[in-house]
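In my numbering, the protein residues as written are 15 to 605. A virtual CB, placed ideally from N, CA and C, is assigned to each residue, including glycine. Below: one structure, written as structure tokens.
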Ligand SMILES: [Zn+2]
């Protein structure tokens, strides 16, 4: 069976032959027999040529990179709906294909351009655009793409030269979807908010163990995703597309994250990723998002062909499931706006009860290494097909009850700017209010020592309190009646894995800014002990029961400072609060 599969595989690749394509329409990858991939300028030239030669294609840009390159975009529409407002009013499905976020992993660019040429120039698939509007980002991380070289991807089998993983400031754009530090991310979020695509595809090359699959994928469809989207993926999309790919000779596996990289028989993990990644962020915007990962050890032609076929299968599927996709996206938005899950899950863990996955691997030999002193694995090309445990069931480990709104004091401008990039409606108070609110104290803050994505993330414990507070004119209100509710909660609830506060947007709240002299505290402490029997007992109990405290003179003095009226009662208080009731005051929408 495996043998037959490989014969079929061979035929499929040959059926992608470019013989019937006029030479002037061959991509650089095709002309070089997939030894090379086009540079940025050559890619833009090819995109412009497509737009000049097809009435269905428009070339445009959606922003600038850090090094001031244009971020390229192809809009493809048979009905010439090149404007986002018009496109969103039609019944067509808008599909956004993002290539080269990790610019060395670039087969998506070559596959997308070949497929688009085959649709609009060679006219190989005459009905493919009937129900679709395509948005193709040929290269997203353009600056990384032009850090071009032979030695950028040590594990990867071609092309001969390629781009680099990060952008020009060494940020991984695929960890930036929530905190949005990079200009590329800000441009992407604006593009996304303007078009609100119905389906999103992000194309990569994976690292990891060796196995038979050219293609692996991930599509979030568990409790972190709105139910209508989950249902559509499971009932209409995923298994049909996988069957179709299998028939074409491209069996695809879920993203392979082995428990033990030397031994697939121990099983693989699934689970839920944090929303800093594209394929978890987009589902929080109520849209299905497919991550495609080709396998680094397959040659470039095989990888480009595999992506080409995957895209073709997706387009075919969405053409036949157009109305159900459009309906599920609409229902997911309505559900999110009006009846969000309560409790709403923020964090998940993967359970220890596995399902079974039939894995197409290779036999391996584990040897002792004289170099590392440890064991190392050598993969053979002999197939080894086996059932392995697949740990993909999840459980929420942290949840909140959604408030009516979040209230943000007006001085926290940098957070407001980020909310706007995410397409979140922000209002300001036109009259002062008094409101019953819940607020958090974030105690025991600890910063990650080494930077991660240009920041030092902070962890803390959360304590929740209630209070009645006054807010002046100009205070920001973020209501939870929006299609972006899932993003709002994930940005503003401090326990969420990618909360702005965890990324360091509110670090100054953790800084003590007034200090007491020891000789002042000595006097204060003596007065407090003399006048408060309860406090006296608390202090002496702590001295006898807590040796760390007893041996720290500063902590002993601070014991009194913290219990005095001089202590800063705003220290460690998270400034964004949860409104318990509806806010009825007059407000203005912030543009
Ligand atoms: Zn990648």
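- With a contact defined as Cβ atoms closer than 8 Å, residue 600 and residue 448 miss out at about 15 Å.
- Around residue 543, the same chain offers 550 as residues with beta carbons nearer than 6 Å, after the five sequence neighbours per side are excluded.
- The Cβ-Cβ distance between residue 278 and residue 373 falls below 9 Å.
- The nearest non-hydrogen atom of ligand 1 is less than 8 Å from the C-beta of residue 220.
- Nearest neighbour of residue 238 by Cα position, chosen from 552, 501 and 533, turns out to be 501.
- Sequence-distant Cβ neighbours of residue 146 in its own chain, meaning closer than 7 Å and more than five residues away, are 106, 107, 109, 329, 332 and 333.
- Partner residues in the beta bridge of residue 112, as assigned by DSSP, are 151 and 216.
- Ligand 1 never approaches residue 500 closely enough for any of its heavy atoms to be under 8 Å from the residue's Cβ.
- When beta bridges are read from the DSSP output, residue 196 appears opposite no residue.
- At a cut-off of 8 Å, the beta-carbon of residue 179 counts as near ligand 1: some heavy atom of the ligand is closer than that.
- Note that the C-beta distance between residue 129 and residue 71 is not below 9 Å.
- Listed in chain order, the alpha helix (DSSP H) runs fully inside the stretch 251-309 are 252-261 and 292-298, counting runs of at least 4 residues.
- Bridge partners of residue 163 according to DSSP: 176.
- In the structure shown, residue 575 adopts helical secondary structure according to DSSP, grouped into three states.
- For the 9 Å CB-CB criterion, residue 521 and residue 513 do not form a contact.
- Within 8 Å of the C-beta of residue 300 there is not a single heavy atom belonging to ligand 1.
- In this structure, DSSP gives residue 526 a state outside helix and strand, which the three-state scheme calls coil.
- The DSSP assignment places complete alpha helix (DSSP H) segments of no fewer than 4 residues inside the stretch 494-564 at 499-506, 532-545, 547-559 and 561-564, in order along the chain.
- Secondary structure within the stretch 400-445: the beta strand (DSSP E) runs of 3 or more consecutive residues, fully enclosed, are 408-414, 419-422 and 441-443 (chain order).
- Residue 201 sits in a helix when the DSSP states are folded into three classes.
- Scanning the stretch 47-75 for uninterrupted alpha helix (DSSP H) segments of 4 residues or longer gives 54-67, listed from N- to C-terminal end.
- Look at residue 385: its beta carbon is at least 8 Å from all of the heavy atoms in ligand 1.
- Residue 315 counts as buried, since no fewer than 16 other beta carbons sit within 10 angstroms of its beta carbon.
- Here residue 206 is buried. Its C-beta has 16 or more other C-beta atoms within 10 Å.
- Taking a 10 Å sphere around the C-beta of residue 240, we find 16 or more other C-beta atoms and assign the residue as buried.
- Assignment of residue 464 by DSSP, reduced to helix, strand and coil, places it in the coil class.
- Less than 9 Å divides the Cβ of residue 183 from the Cβ of residue 196.
- Sixteen is the threshold: since fewer than 16 other Cβ atoms of the shown chains lie within 10 Å of the Cβ of residue 470, the residue is exposed.
- Membership of residue 84 in the beta strand (DSSP E) is indicated by the continuous run 84-91.
- Within a 10 Å sphere around the beta-carbon of residue 194 sit 16 or more other beta-carbons, which makes this residue buried.
- When secondary structure is reduced to three states using DSSP, residue 350 falls in the helix class.
- At least one heavy atom of ligand 1 lies less than 8 Å from the C-beta of residue 188.
- Not one heavy atom of ligand 1 is found less than 8 Å from the C-beta of residue 509.
- Assignment of residue 473 by DSSP, reduced to helix, strand and coil, places it in the strand class.
- Within 8 Å of the C-beta of residue 116 there is at least one heavy atom belonging to ligand 1.
- Contact between the stretch 256-267 and the stretch 335-345 is not established, with fewer than three Cβ pairs separated by less than 8 Å.
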